Amino acid sequence: DSGNVAIAIDGPAASGKSTLARILADQLGLVMVNSGAMYRAVTWKVLREGVDSHDAGAVIRVLRETILECGDDGRYSTIKVDGIDPGDELRSEAVNANVSAVSAVPEVREALVALQRDYLKRASVVMEGRDIGSVVFPDTPYKIYVDADEEVRAARRRDAGELDAVSKRDAADSRRATAPLMVADGATVLDTSDHTIESGVAAAIEILKAQGLHLI
Ligand code: CDP
Ligand code: CDP
7 DSGNVAIAID
17 GPAASGKSTL
27 ARILADQLGL
37 VMVNSGAMYR
47 AVTWKVLREG
57 VDSHDAGAVI
67 RVLRETILEC
77 GDDGRYSTIK
87 VDGIDPGDEL
97 RSEAVNANVS
107 AVSAVPEVRE
117 ALVALQRDYL
127 KRASVVMEGR
137 DIGSVVFPDT
147 PYKIYVDADE
157 EVRAARRRDA
167 GELDAVSKRD
177 AADSRRATAP
187 LMVADGATVL
197 DTSDHTIESG
207 VAAAIEILKA
217 QGLHLI
């Protein structure tokens with residue numbers, strides 16, 4: 007046991023997970039890890055190889071041939087795929103449209119969960135995703151499930167200038183057999199629909215205190 011602490015932030019697309027995780031990490035001096043970027047990175051490589059994201063066997067072959075370097079810059083997680091940082095391409099429409107299929111493949115999840123757990127050996131983290139409280143760090147007492155109304159989430163994506171079929175992605179992420187999106191045991195739900203970013207952070211800090219976090 008490294009003695010490091012993990013704060014798990016899960017929820018559907020555009021609920022505000024990364025915004026919250028980033029601010030919490032900054033305020034608490036922890037490393038913010040974006041696990042979705044790892045699924046997006048594998049998807050980016052799958053698309054580059056011209057592979058059908060629904061062909062699990064082909065996706066697994068791509069995974070085996072790919073070198074993923076997951077690190078951090080002291081504050082935020084970083085990722086390289088075969089030595090390349092895909093940057094904004096991780097949030098392209100093509101990646102948005104294919105990432106749920108790639109992330110439903112159990113072998114992909116197994117590989118990425120191992121890389122996610124490695125972070126905790128090196129640092130205390132705020133990690134955001136879909137299964138952080140349920141699968142990656144089920145034993146952490148610090149778990150928030152961030153939610154927001156579907157219309158609010160769609161509007162947040164439009165405001166960001168993104169065309170992202172969030173409801174389709176949420177449906178796929180919630181229905182998959184392995185590690186579906188769900189409220190983990192012990193997680194507290196935080197609905198950000200009527201929150202500003204600032205008031206959402208304040209509410210999250212109250213939740214973490216109630217869960218026994220003493221860093222604050
Ligand atoms: O930022 P946004 O909420 O739109 O998505 P993301 O967190 O970057 O995650 C992209 C996709 O990766 C999700 O739609 C899931 O299919 C997958 N994912 C996952 O399966 N498990 C995680 N822990 C994180 C992401
Ligand atoms: O990571 P996830 O996909 O869950 O959401 P995000 O990337 O943090 O995006 C949420 C968007 O909603 C951002 O543009 C935030 O500025 C905005 N927002 C928020 O995160 N929280 C609020 N309470 C209000 C707006």
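Start counting the sequence shown at 7; every next residue gets the next number (full-length UniProt numbering). By construction, the Cβ of each residue, glycine as well, lies at the ideal position given by its N, Cα and C atoms. Keep in mind the model is a prediction, meaning the values are calculated, not measured.
Sequence-distant residues of the same chain with beta carbon closer than 8 angstroms to residue i, five excluded per side
i    : result
V114 : Y45, V48, V65, I66, L69, V108
Near ligand 1: residue i beta-carbon under 8 angstroms from a heavy atom
i    : result
K51  : no
Y45  : yes
G42  : yes
A178 : yes
E134 : yes
V87  : no
V142 : yes
V131 : no
D137 : yes
V65  : no
6 angstroms Cβ shell around residue i - same chain, five flanking residues per side excluded
i   : result
A62 : V111
G77 : T84
I13 : V132, Y148
Residue i versus residue j - alpha carbon distance
i    : j    : result
G167 : T202 : 19 angstroms
Q122 : D58  : 25 angstroms
S106 : I211 : 30 angstroms
N102 : A154 : 19 angstroms
L96  : A43  : 7 angstroms
P186 : G192 : 16 angstroms
7 angstroms CB neighbourhood of residue i in its chain, flanking five on each side removed
i   : result
V87 : A47, W50, K51, T72, L74
S24 : N40, E134
Buried/exposed call for residue i, threshold 16 Cβ in 10 Å
i   : result
D79 : exposed
S21 : buried
A19 : buried
| Below 6 angstroms from a heavy atom of ligand 2 - residues by beta-carbon | G17, A19, A20, S21, G22, K23, S24, T25, R162, A166, T198, H201, T202, I203, G206
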